[in-house]
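Since the structure comes first, as structure tokens, the remarks are kept for the end.
Residue numbers (the working numbering): 1 to 187.
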């Protein structure tokens, strides 16, 4: 068989006699419709598969967004809100029995622990303030960098002639102590 052009194919064969000698040559000419139909069908199938692949990828991206990325984005927004407000007592809300839901649950556990430690720290600071105020010796806490008065106990404020609350809003420690000769009695 030999292709003459894109539309026609020709095939040759010999008819032999009893002794095996070629007697007649047969020529068969056929149109190549089947090939043309096959090529058209192949192009259609290729186009269909590409379109089907694009639809499949689009569906996967939509499902990924709906089931995972949107939940992670909501969790991120809630965690950022907790970070901006500074209140670890505000828990995140993202129900679910998947990895994102478990992550939200672990974040809530961490926030509860932070809140518990914040309350313990606040109670310890209150106790320390009461303890320092109960000492009859003047105690002043001064920031080492900017030399501003951070806190002073009741005895120290009384020695300087002030209330304890109004002292922390006053001048730096050098200005306070240069006008008062009260270094004796301060710890």
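Glycine residues also receive a C-beta, built at the ideal position from the N, C-alpha and C atoms. If you're wondering where the values come from, they're calculated on a predicted model, not measured in any experiment.
What is the rounded straight-line gap between the Cα of residue i and the Cα of residue j?
| i | j | result |
| --- | --- | --- |
| residue 126 | residue 82 | 25 Å |
| residue 208 | residue 32 | Given that the chain is displayed from residue 1 to residue 187, the structure contains no residue 208 and the question cannot be resolved. |
| residue 117 | residue 84 | 19 Å |
| residue 132 | residue 107 | 37 Å |
| residue 109 | residue 71 | 19 Å |
| residue 45 | residue 80 | 49 Å |
| residue 113 | residue 119 | 10 Å |
| residue 146 | residue 73 | 42 Å |
| residue 189 | residue 26 | In the structure displayed, the chain extends from 1 to 187; residue 189 sits before or after that span and is not available. |
| residue 64 | residue 122 | 44 Å |
| residue 8 | residue 66 | 55 Å |
| residue 43 | residue 99 | 43 Å |
| residue 135 | residue 68 | 58 Å |
| residue 51 | residue 40 | 17 Å |
Under a three-way DSSP split, which group does residue i fall into?
| i | result |
| --- | --- |
| residue 183 | Its pLDDT being 49, under 50, residue 183 is placed unreliably in this model, and the value from its coordinates should be taken loosely. Coil, per DSSP. |
| residue 18 | coil |
| residue 114 | helix |
| residue 91 | coil |
| residue 148 | strand |
| residue 11 | strand |
| residue 138 | strand |
| residue 27 | strand |
| residue 80 | helix |
Taking buried to mean at least 16 other C-beta atoms within 10 Å of its own C-beta, is residue i buried or exposed?
| i | result |
| --- | --- |
| residue 47 | exposed |
| residue 184 | Any reading at residue 184 needs caution, since the residue's pLDDT is 48, under 50, leaving its predicted position unreliable; the model's value is listed next. The residue is exposed, with fewer than 16 neighbouring Cβ atoms inside 10 Å. |
| residue 35 | exposed |
| residue 6 | exposed |
| residue 152 | buried |
| residue 155 | buried |
| residue 62 | exposed |
| residue 20 | exposed |
| residue 53 | exposed |
| residue 86 | exposed |
| residue 49 | exposed |
| residue 58 | exposed |
Could you pull out every residue in the same chain whose Cβ sits closer than 7 Å to the Cβ of residue i, ignoring the five residues on either side in sequence?
| i | result |
| --- | --- |
| residue 95 | 101 |
| residue 163 | 157 |
Give me, in chain order, the residues of the same chain whose beta-carbon lies closer than 8 Å to that of residue i; leave out the 5 immediate sequence neighbours on both sides.
| i | result |
| --- | --- |
| residue 22 | 14, 15, 16 |
| residue 124 | none |
| residue 92 | 75, 78, 79, 82, 104, 107, 108, 111 |
Looking only at its chain, what residues have a beta carbon closer than 6 Å to the beta carbon of residue i, apart from the 5 residues adjacent to it on each side?
| i | result |
| --- | --- |
| residue 4 | 10 |
| residue 143 | 150 |
| residue 30 | 9 |
CB of residue i to nearest heavy atom of the ligand FAD: below 7 Å?
| i | result |
| --- | --- |
| residue 105 | Although the ligand FAD was asked about, the structure shown includes no ligands whatsoever. |
Entirely within the segment 33-75 and at least 4 residues each: give me those alpha helix (DSSP H) ranges in chain order. Counting only runs of 4 or more, we get 33-64.
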